[in-house]
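Chemist:
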Amino acid sequence: MGLKTRITGAVCSVAVIIGLSVQLYPDKLRSSTEGQALIGNEEGCRRDPYCDGVGVPTVGMGSTGHVEKRRYSDEEIAALWVKDVASAEDCVNRYFRGKDMPQRPFEAMTSLVVNVGCYGVRWNRKAVRPTQIYREAQAGNWAAMCHRIPDFPYSGGKPVLAARRAREEAWCLGR
1 MGLKTRITGA VCSVAVIIGL SVQLYPDKLR SSTEGQALIG NEEGCRRDPY
51 CDGVGVPTVG MGSTGHVEKR RYSDEEIAAL WVKDVASAED CVNRYFRGKD
101 MPQRPFEAMT SLVVNVGCYG VRWNRKAVRP TQIYREAQAG NWAAMCHRIP
151 DFPYSGGKPV LAARRAREEA WCLGR
């Protein structure tokens, strides 16, 4: 297999994976296909495992669970996608009043949780207290909650996620 074949074979289509997930797992996610595209396009899609920016083994569209060193099929990536997004949605529902949240704020928060993790979004380890975004969500202040999304621009100690957070904030606010 040549280098070009390996490179193109390693990349998968976010749209195809989302389409497969809707077809194979109908009604498993609250996030709309557009909301899933927001998340998926930020994560990208890779069939072959790789280490993300902080060295975590990753495959598919940002899945960091048990990652085997092999090429994954679109169906496997769709299953991982649904599992990961459902887990993030569960976090938003449980800790951020997701069931009361309008659709776009729910999807933006799901995107944030997919990327940062549930604990990281709700608890400020340095200040040893709940995050401001958690407090705004608990109060049902959805617009104020949306404006707190840019509070999470760091990955590996570097502010490399500021543009993603701006897009999530805009989605959250319906822009």
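Residue numbers (UniProt numbering): 1 to 175.
We treat Cβ as the ideally placed atom computed from N, Cα and C, and that holds for glycine.
Predicted, not measured: the structure shown is a model, and the values here were computed from it.
Leu38 and Ser87: beta carbons closer than 8 Å?
Modeler: Indexing the sequence shown from 1 puts residue 38 at position 38. Indexing the sequence shown from 1 puts residue 87 at position 87. Cβ distance not < 8 Å, so Leu38 and Ser87 don't count as in contact.
Chemist: Please return the same chain residues whose Cβ sits closer than 6 Å to the Cβ of Val14, not counting the five positions on each side in sequence.
Modeler: Walking along the sequence shown from the start, residue 14 turns up at place 14. Counting only Cβ-Cβ distances below 6 Å, and skipping sequence neighbours, we find Gly40, Asn41, Cys45.
Chemist: Taking the CB atoms as reference points, tell me whether Glu168 and Ala108 lie closer together than 8 Å.
Modeler: Position 168 of the sequence shown holds residue 168. Position 108 of the sequence shown holds residue 108. Cβ distance < 8 Å, so Glu168 and Ala108 count as in contact.
Chemist: Quick check: the Cα distance between Gly2 and Ser32, rounded to an integer number of angstroms?
Modeler: Here residue 2 corresponds to residue number 2 of the sequence shown, with the count starting at 1. Here residue 32 corresponds to residue number 32 of the sequence shown, with the count starting at 1. Residue placement at Gly2 is flagged as unreliable, the pLDDT there being 43, under the threshold of 50; the coordinate-derived value follows with that caveat. Each residue's Cα considered, the two are about 38 Å apart.
Chemist: Looking only at DSSP bridge pairs, what is Asn141 linked to?
Modeler: Here the question's residue 141 lines up with position 141 in the sequence shown. Paired residues: none, contrary to the question.
Chemist: List in chain order: all unbroken alpha helix (DSSP H) runs of 4+ residues lying wholly within the region 18-96.
Modeler: DSSP runs (the alpha helix (DSSP H)) wholly in the region 18-96: 33-43, 74-95.
Chemist: Measuring CB to CB, does Asp74 end up less than 8 Å from Leu29?
Modeler: Position 74 of the sequence shown, counting from 1, holds the residue named residue 74. Position 29 of the sequence shown, counting from 1, holds the residue named residue 29. No, these two residues do not count as a Cβ contact at 8 Å.
Chemist: I'd like to know whether the C-beta atoms of Gly140 and Asp90 end up nearer to each other than 8 Å.
Modeler: Stepping through the sequence shown from its first residue, residue 140 is reached at position 140. Stepping through the sequence shown from its first residue, residue 90 is reached at position 90. Cβ distance not < 8 Å, so Gly140 and Asp90 don't count as in contact.
Chemist: Please classify Pro105 as buried or exposed, where buried requires at least 16 neighbouring CB atoms within 10 angstroms.
Modeler: For this step, residue 105 is matched to residue 105 along the sequence shown. When all chains shown are included, Pro105 counts as buried.
Chemist: Starting from Arg129, follow its DSSP beta bridges and name the residues at the other end.
Modeler: Here residue 129 refers to the residue found at position 129 when the sequence shown is read from its first residue. Partner(s): Asn124.
Chemist: Tell me which same chain residues have a C-beta within less than 8 Å of the C-beta of Thr131, skipping the five on either side of it?
Modeler: If you number the sequence shown from 1, residue 131 lands on position 131. Here the set comprises Val121, Arg122, Trp123, Asn124, Arg148, Asp151.
Chemist: Report all residues from its chain with a CB closer than 7 Å to the CB of Tyr72; omit the five preceding and five following residues, and keep chain order.
Modeler: Within the sequence shown, residue 72 is the residue found at index 72, counting from 1. Within the same chain, Tyr72 has close Cβ partners Arg47, Val59, Gly60.
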